[in-house]
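Line order of the protein sequences matches chains Y and G.
Using my numbering, the first residue of the first sequence is number 410, and each one after it goes up by one.
Using my numbering, the first residue of the second sequence is number 635, and each one after it goes up by one.
Glycine included, each C-beta is placed from N, C-alpha and C at the ideal position.
Encoded as structure tokens, the structure appears first; notes follow it.
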Amino acid sequence: DAKTTQPPSMDCAEGRAANLPCNHSTISGNEYVYWYRQIHSQGPQYIIHGLKNNETNEMASLIITEDRKSSTLILPHATLRDTAVYYCIVRVAGSGSARQLTFGSGTQLTVLP
Amino acid sequence: GAVVSQHPSRVICKSGTSVKIECRSLDFQATTMFWYRQFPKKSLMLMATSNEGSKATYEQGVEKDKFLINHASLTLSTLTVTSAHPEDSSFYICSAHDSNYGYTFGSGTRLTVV
Chain Y
410 DAKTTQPPSM DCAEGRAANL PCNHSTISGN EYVYWYRQIH SQGPQYIIHG
460 LKNNETNEMA SLIITEDRKS STLILPHATL RDTAVYYCIV RVAGSGSARQ
510 LTFGSGTQLT VLP
Chain G
635 GAVVSQHPSR VICKSGTSVK IECRSLDFQA TTMFWYRQFP KKSLMLMATS
685 NEGSKATYEQ GVEKDKFLIN HASLTLSTLT VTSAHPEDSS FYICSAHDSN
735 YGYTFGSGTR LTVV
């Protein structure tokens, strides 16, 4: 799985958009970008994933650059409950693919009132 | 959506005793489950991969005789920390994989060994 680089921490004002960057310059053509988050003392929670097109769901939007070497997770209207560590993970997907998810150090997002 | 139930959420035990942590997939069958350990302010570290009906695969540096993993059914995997010591105090998290739902995580178990 390709290595990812994320800033260790970010702050965001409540109600504003939180933009979390991730660098994955060695990503392969068949590797997806996944985002998970971990609220303090809980298990990780899936947010979104994508291959090359931008994706949006009820939680967030994922913007992947055209060369796929970086991506940005966008929380459009951050709330205090979005304070968590956000992990960007790159790996191959597909049915029957049951290898582990490898977590980096992630970004601690703190949403400020 | 997929739900993974992990129990207990917190446990305190004495040094030298054993503790069992259960991980159940409630609405799907998981042929593969993963066990992670997380120390304060650190990321999740994979301990072992558990496949139903076969022996678990342990990561380098994880003692298989100390961290016993059983995956006897498609919905239940257990991690037993044997002869626990204070350095085993940590946050243990399980994850279950399904081809439809992907990876779903339990809520974690905070183990404190005194």
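Query	Result
Neighbourhood of Y495/Y by C-beta distance below 7 Å, restricted to the same chain and skipping five residues each side	L429, W444, R446, L482, G515, T516 and L518
For N462/Y, the nearest candidate out of Q454/Y, Y455/Y, I448/Y and K478/Y (CA to CA)	K478/Y
Beta-carbon proximity check, V499/Y vs D410/Y, cutoff 8 Å	yes
C-beta neighbour in chain G for S480/Y, strict 8 Å	no
Start-end ranges of the beta strand (DSSP E) lying completely within the segment 455 to 481 of chain Y, minimum 3 residues	470 to 473
Chain-ordered neighbours of S450/Y on chain G, where CB pairs are closer than 8 Å	F725, G742 and R744
Chain Y contact residues for S677/G, given Cβ-Cβ distances below 7 Å	F512, G513, S514 and G515
Between the CA atoms of N432/Y and F512/Y - distance to the nearest angstrom	14 Å
G459/Y to I473/Y span [Cα, whole Å]	8 Å
Proximal residues to M419/Y (C-beta, below 8 Å), its chain only, five neighbours per side dropped	A427, L429, T516, Q517, L518 and T519
Local Cβ density within 10 Å of S707/G, reported as buried at 16 or more and exposed below that	exposed
Y441/Y at chain G interface by Cβ criterion, 8 Å	no
Distance, A664/G Cα to G687/G Cα	11 Å
Chain-ordered chain Y contacts of S736/G [CB-CB under 7 Å]	According to the sequence provided, residue 736/G is Gly. The question's Ser does not apply to it. In chain order: Y455.
Best match in V637/G, P642/G, L710/G and V638/G for proximity to L745/G [C-alpha to C-alpha]	P642/G
Min CB distance L680/G to chain Y below 8 Å	yes
Classification of R644/G by the beta-carbon crowding that lies within 10 angstroms, buried from 16 upward	exposed
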